[in-house]
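For what it's worth, the numbering used here labels the leading residue of the sequence shown as 9, then goes sequentially. Even for Gly, the Cβ is constructed at its ideal location relative to N, Cα and C. On a predicted model such as this, the values are computed, not experimentally measured, just so you know. For reference, the structure is listed below as structure tokens.
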Amino acid sequence: MDSKKKLSFTFITVVIGFMIAVQFQTVKEPVVRDTRDTWQLREDLLKEKELQLKLLREISSNEEKIAQYETKRKQSKEQVLRETLEELRMEAGLSEVTGPGIILTIEPVYEELLLGKQVDSISPDLLKRLVNELNMYDAQHISIDERRVINTTVIRDINRETMIDGYALNRLPIEIKVITENAQSAEKLFNRMQVSKSAEEFFIDNLRVKVHKPEGPVTVPAYDEALRIRYMEPVKPEEGGKS
């Protein structure tokens with residue numbers, strides 16, 4: 009065999025050997041495929057569904073919390089309005105009030121009764137002076153003979169009879185209830201009224217102002233008449249949607 013034939017044979021042998029090696033390597037390293045069986049796939053799918061359900065529950069919970077927050081916010085606004093309205097009613101005297109305070113009793117001087125002097129009335133000026141003194145000493149709520157005293161209360165003489173908002177004070181003794189801010193204020197008011205100048209002036213009219221020591225809560229009734237407001241009228245909204 010000549011050299012050319014040997015060279016061709018050698019080249020062909022090398023090519024065939026290379027092809028066999030490549031084929032062997034391909035068979036040895038097959039393409040990676042998903043070898044999971046049906047049960048594994050089902051388990052993975054179930055986990056994905058559980059995760060999705062968990063997320064949906066969290067979303068629903070957050071939405072419920074937001075709804076509850078909005079409800080509470082609206083309710084808190086309503087509660088604030090109710091509390092404000094009740095405070096205004098209390099300040100206006102339209103609500104019954106119970107709290108620390110003192111009770112004063114205006115009664116005839118019994119020594120004068122023994123002398124035959126009949127005392128059956130009280131001066132409106134003296135009564136107003138006493139109320140002003142109580143207010144000066146930080147009284148918060150006052151009632152006279154179970155009639156609530158408010159800013160518009162009128163105490164005056166009508167046909168020689170002392171009236172409070174149209175009700176006659178023609179029977180003695182007369183009880184005045186006073187509510188203060190706290191028990192300490194009630195004690196201070198008691199001590200001040202013990203040496204009251206206006207109380208001393210009642211003695212000239214054969215009347216005695218008896219100040220009772222604060223021992224328990226005092227209840228002042230609500231004002232039960234219609235409030236008369238003068239020189240006030242509702243504001244009309246401006247045109248264009250402004251208020």
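Item	Value
With C-beta atoms as the reference, is Ile-152 less than 8 angstroms away from Pro-222?	no
Where Ser-118 and Met-201 are concerned, what is the direct C-alpha to C-alpha distance, given to the nearest angstrom?	The sequence shown places Tyr at residue 118, rather than the Ser named in the question. Rounded to whole angstroms, Tyr-118 to Met-201 spans 21 angstroms at the Cα level.
Quick check on Lys-36: buried or exposed, where buried means 16 or more other Cβ atoms within 10 Å of its Cβ?	At Lys-36 the pLDDT is 49, less than 50, meaning the model places this residue with poor confidence; the figure from the coordinates comes in the next sentence. The residue is exposed, with fewer than 16 neighbouring Cβ atoms inside 10 Å.
According to DSSP, what are the bridge partners of Pro-116?	Leu-215
Excluding the 5 residues preceding and the 5 following Gln-1 in the sequence, name in chain order all residues of the same chain whose CB lies nearer than 7 angstroms to its CB.	The structure shown does not extend to residue 1, since the chain is modelled only from 9 to 251, so the question has no answer here.
Assuming Leu-197 contacts Tyr-145 (C-beta within less than 8 angstroms), just tell me the rounded distance between them.	5 angstroms
Determine the direct distance from the alpha carbon of Ile-114 to that of Phe-211, and round the result to whole angstroms.	10 angstroms
Starting from Ser-69, trace the alpha helix (DSSP H) both ways and give me its first and last residue.	46-100
With a 10 Å radius around its C-beta and 16 neighbouring C-beta atoms as the bar for buried, classify Tyr-231 as buried or exposed.	buried
Helix or strand or just coil, what does DSSP make of Asp-133?	helix
Using a Cβ-Cβ cut-off of 6 angstroms (strictly less than) and excluding sequence neighbours within five positions of Ala-191, which residues of its own chain qualify?	Pro-108
What are the start and end residues of the beta strand (DSSP E) that includes Glu-183?	182-187
Kindly indicate which three-state DSSP category Glu-233 falls into: helix, strand or coil?	coil
Would you report the Cα separation of Glu-233 and Val-226, rounded to the nearest angstrom?	22 angstroms
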